[in-house]
Amino acid sequence: MAIKFRADEVSQRTVVQSYLKFLSPREDVHIIQGLGNIVDDSVQSAVEKLGSNISLPGTVATILQTKDESTVTVSSCEVESGPTQTSDNENESATETERSYVDSSATSEHGTKPAGSTPPPPKSIMERARAAALVLNRYRIEYKHDKELPKSIKFSQTQIQAALEQNKAIELVIPAFPFKSPNRKEKVLGALPDEAERVALLHLNGLCLAIKDAANCDAYLTIVSDGITYNDILGVSDQEVWRYGQHLRQLAEDNGCQYIRFSRICDLVGTEHASENLTEEMYLDKVPEFRRLLEANGPADFDVVDAIANDPDILKTYRGYRRFLETDLTRNGRSKSEQGRQIGEVAKAMITRGKAFAAIISSKYSDFIRLSIHPSQDTNKVSIATLPQDNQAVATPWHGALVRGLNGSISILHAATVPALTHDLIYDADGRPSYFRERSDAFDWPNMNVTFEYLYPCGIVVKPAPGHQYPLSMLDMQKVRKLAIGCSPIVLRGFSNTKNEQEFVAKAWHLGPVVPFRGHTIEVVRNEANRDPKSNNVSSAEAMPMHYDGIFVTKMVKDEETGLEKRIITAPHFQYFVSQSAAQPGDGYTLFTSSDLFVRHLPRNNPIEKLEKLKWTCRTHGFFASTLDDMDLVVKHPTKNTPCIRWHESWPQWKTNFGHTDVSIDNDGGSQKVVDLVNSLAYDRRVCLRFAWQEGDVLVNDNISMLHTRTSFSTEHPRELWRIHTN
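Oh and the sequence shown: position 175 is 175 in full-length UniProt numbering, straight run, nothing missing.
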């Protein structure tokens with residue numbers, strides 16, 4: 001069966017494609033590039049449901065059945081309101097829409113359409129640009145809330161809107177990642193990138209993805225390595241600059257940071273040598289020329305002393321330089337006053353070079369959104385932290401060592417200040433020191449050689465070290481439990497015999513008392529192809545709302561204070577999964593949202609103390625039909641005593657073929673703003689892990705400190721998880 005569009009209507013085919021995808025979700029509806037056709041093995045059932053006329057959000061389409069039953073022609077397809085969303089990758093841009101559309105002609109038992117059965121109209125370009133600018137605002141060093149936007153964010157919104165109007169990718173640029181501090185004894189762990197840079201690249205790639213999510217448009221960040229701008233002033237060799245940059249690029253590739261690009265000064269100053277064509281030998285030979293061309297681009301009338309005195313941004317940069325130079329430059333017999341004078345002169349020289357560097361970046365990337373690692377007034381550039389951290393003063397990865405807490409928290413500290421009594425130095429696969437980790441017996445697995453790798457933004461993958469293999473039966477699930485309480489989810493990857501039912505169930509009891517679900521120990525989570533609207537969307541291929549398991553499992557207890565009976569939720573503490581079969585790459589993600597990170601990234605006008613006072617109501621229709629009210633939005637974790645978000649995302653009828661869910665705040669005036677805040681932050685890429693399953697993965701998740709959901713997945717690749725709840 002083929003669905004054909006008139007040539008002048010091809011621009012609207014993505015909307016109809018998405019609609020048909022959900023009318024016939026088991027079929028593979030897609031577009032053949034350049035033909036304007038949606039081709040499907042058999043969409044007869046979808047056509048029958050459509051009838052002769054359908055009404056789509058923002059679109060009016062008329063479907064005419066021809067005598068040849070293999071072809072359906074769309075005779076008219078016009079936009080009623082709002083611009084059409086486009087993307088360089090049309091199939092990718094359709095994915096988010098595809099998982100949302102359902103048959104809007106479906107009716108309730110009373111013959112009327114359920115509330116929320118019609119999707120909202122597509123966002124305008126202006127709305128998408130503002131949403132993307134708000135994302136960028138949240139990554140700022142000085143971020144407080146979304147109410148008052150600095151000049152830099154307002155200007156970035158106009159740049160984003162211009163890119164969207166021209167159907168171009170959103171481009172950002174940041175001068176950063178020059179080289180490791182020359183103080184290798186006290187500040188950093190070596191001359192090459194380590195765990196600090198890895199996390200920073202993942203964080204910045206996450207920024208690009210977050211902007212892409214908001215704007216429905218690709219976003220790229222170009223990192224201009226400014227190493228040879230300053231290295232000779234600080235006594236760092238050109239070779240170290242080159243090798244640091246090369247390892248950084250490899251690190252980005254190895255970690256899938258596809259929205260990060262790199263550039264060197266030679267790409268900016270008009271030389272014939274593009275950085276991708278340079279060898280180390282060529283680079284070292286040409287550095288003097290690159291540096292000379294850089295200095296030639298500096299403003300001739302620039303007075304560094306006057307600039308420090310009169311430009312607030314340059315003054316902040318000068319003070320920042322002085323602060324790190326105090327530890328980068330050794331005294332070498334100089335007095336404190338002599339050392340202070342030298343630091344001042346070096347800082348001024350760096351500002352002068354930096355002025356020239358900024359000028360060529362502005363010239364080369366005039367349409368790019370300018371980011372900066374330095375605190376500023378946020379007028380001409382957006383000041384961001386290169387990685388999430390609990391430091392009082394924001395630090396960069398090349399000026400310290402990354403330190404992990406047992407709860408996964410990140411700090412950047414001078415290596416010499418990390419206490420050896422409480423932290424272990426962790427080495428990478430090549431045997432180089434990489435980061436510090438808070439000491440715990442949870443990382444001590446006797447008779448097993450395993451590695452621990454932190455996911456971004458949360459979670460840990462535990463794997464047998466290369467050359468080793470261990471069965472699931474050898475794992476100490478109490479250690480896994482302890483890790484999960486601290487930094488969920490814990491992924492056990494590469495262990496053998498994980499898909500064996502007997503072994504899987506046995507280890508569940510080692511994790512904790514098993515809590516049966518609907519009378520079964522194991523809940524099989526897979527697509528059952530059940531179209532009954534009263535059944536459960538868990539056993540479908542649909543996307544699901546953000547939630548925690550067990551919200552609808554309740555019991556009546558007597559209130560000790562009032563003597564009256566009240567309904568309480570008996571949610572299990574842990575989720576324990578094994579992947580029997582995984583979706584195809586890029587499909588069927590499980591999303592895990594950390595309450596610790598949620599609280600950390602709350603805007604200042606909505607602190608956790610405010611949210612702790614709120615109650616909410618969840619009304620669910622269909623399989624879990626119930627109304628739960630007077631629920632705490634925030635509860636305390638039973639082990640850590642930390643605040644945990646309890647939530648079930650609103651899920652309107654247009655997003656599902658099954659029962660919809662309505663959510664409201666009971667107090668605070670029933671504020672929809674709180675609902676929007678929780679939904680927004682729950683999917684924030686600094687808070688929410690997008691986890692891709694591999695067959696055989698075992699995963700343990702703290703169901704109290706974490707929320708979770710899943711994306712939709714193709715029915716062509718069976719995705720099957722086994723889940724057990726434990727306490």
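Ideal Cβ placement from N, Cα and C applies to all residues, glycine included.
CB-CB under 7 Å to T521, same chain, minus the five flanking residues each way: which ones, in chain order? V505, V514, I724
Among W693, Q694, R685, which residue has its Cα nearest to the Cα of A214? R685
Let me confirm a value: N391 is counted as buried when at least 16 other C-beta atoms fall within 10 Å, else exposed. Which label applies? Around the beta carbon of N391, fewer than 16 other beta carbons sit within 10 angstroms, so the residue counts as exposed.
Residue range of the unbroken alpha helix (DSSP H) whose run includes E453: Here E453 belongs to no alpha helix (DSSP H); instead the beta strand (DSSP E) covers 450-454.
Does the beta-carbon of I568 have 16 or more other beta-carbons within 10 angstroms, so that it is buried, or is it exposed? exposed
Anticipated Cβ contact below 8 Å, T593 with S664, distance rounded: Not quite, the Cβ-Cβ distance comes to about 20 Å (not below 8 Å), so this is no contact.
Three-way DSSP call (helix, strand, coil) for I665 in this model: Strand at I665.
Ordered list of beta strand (DSSP E) runs contained in the stretch 357-432, each at least 3 residues: 369-372, 401-404, 410-413, 423-427
Of the residues L329, L202, R198, R128, the one placed nearest N167, counting alpha carbons only: R128
Return the CA-CA distance between S595 and K566, expressed in angstroms with no decimal places. The straight-line gap from Cα to Cα measures roughly 27 Å.
Cutting at 7 Å between CB atoms, please list the residues of its own chain near L413, excluding the five before and the five after it. Once the five neighbours on either side are set aside, the close Cβ partners of L413 are G400, A401, V403.
Exposure of A625, with buried meaning 16 or more beta-carbon neighbours within 10 Å: exposed
By the three-class DSSP mapping on this structure, what secondary structure does C458 have? C458 sits in coil when the DSSP states are folded into three classes, being neither helix nor strand.
What did DSSP end up calling Y318 once you bin it into helix, strand or coil? helix
4-residue-minimum alpha helix (DSSP H) runs that sit fully inside the stretch 194-227, ordered along the chain: Runs of the alpha helix (DSSP H) inside the stretch 194-227: 195-215.
Alpha-carbon spacing of I490 relative to D232, whole angstroms: 45 Å
Rounded separation between Q469 and G486 - CA only: 26 Å
Nearest neighbour of F407, chosen from V224, L136, G459 [CA to CA]: Reading off the sequence shown, one finds Asn at residue 407, where the question assumed Phe. Comparing Cα-Cα distances from N407 to each of V224, L136, G459, the minimum goes to G459.
Would you identify the three-state DSSP class for C266, choosing helix, strand or coil? helix
Continuous beta strand (DSSP E) stretch holding N701: start and end: 698-702
Which two residues bound the contiguous beta strand (DSSP E) that contains V173? Counting along the chain, V173 sits inside the beta strand (DSSP E) bounded by residues 170-175.
Which one of N297, Q250, W242, T158 has the shortest CA to CA distance from L278? W242
Output the boundary residues of the beta strand (DSSP E) element that contains P643. 643-645
Cut-off 6 Å between Cβ atoms - residues of its own chain near H30, not counting five sequence neighbours on either side: Legend: pLDDT at H30 = 36, less than 50; position of this residue unreliable, no value from coordinates given.
Could you confirm whether any beta carbon from chain C is found closer than 9 Å to the beta carbon of Q653? The displayed structure is made up of one protein chain only, and chain C is not part of it.
Identify whether M474 lies in helix, strand or coil by the three-state DSSP scheme. Looking at M474 - three-state DSSP - the assignment turns out to be helix.
S124 - DSSP class collapsed to helix/strand/coil: coil
Beta-carbon proximity of Q575 to N657, cut-off 9 Å: no
By alpha-carbon positions, which one of R341, L294, V394 ends up nearest to residue 728? A query on residue 728 cannot be resolved here, the shown segment of the chain reaching from 1 to 727 and no further.
Can you find the residues in the same chain that come closer than 7 Å, C-beta to C-beta, to S100, ignoring five residues on each side of it along the sequence? Because S100 sits at a pLDDT of 29, beneath the cut-off of 50, its placement in the model cannot be relied upon, and the point is left open.
Minimum C-alpha distance to Q246 - residue among S237, V236, S225, T229: S225
DSSP three-state label for V678, please. helix
What's the call for N727, buried or exposed, on a 16-neighbour Cβ count within 10 Å? The residue is exposed, with fewer than 16 neighbouring Cβ atoms inside 10 Å.
With H, G and I counted as helix, E and B as strand and the rest as coil, what does DSSP make of Y259? coil
Would you decide whether M706 is buried or exposed? Buried here means 16 or more other CB atoms lie within 10 Å of its CB. buried
So, using beta-carbon positions, are V269 and I223 closer together than 9 Å? no
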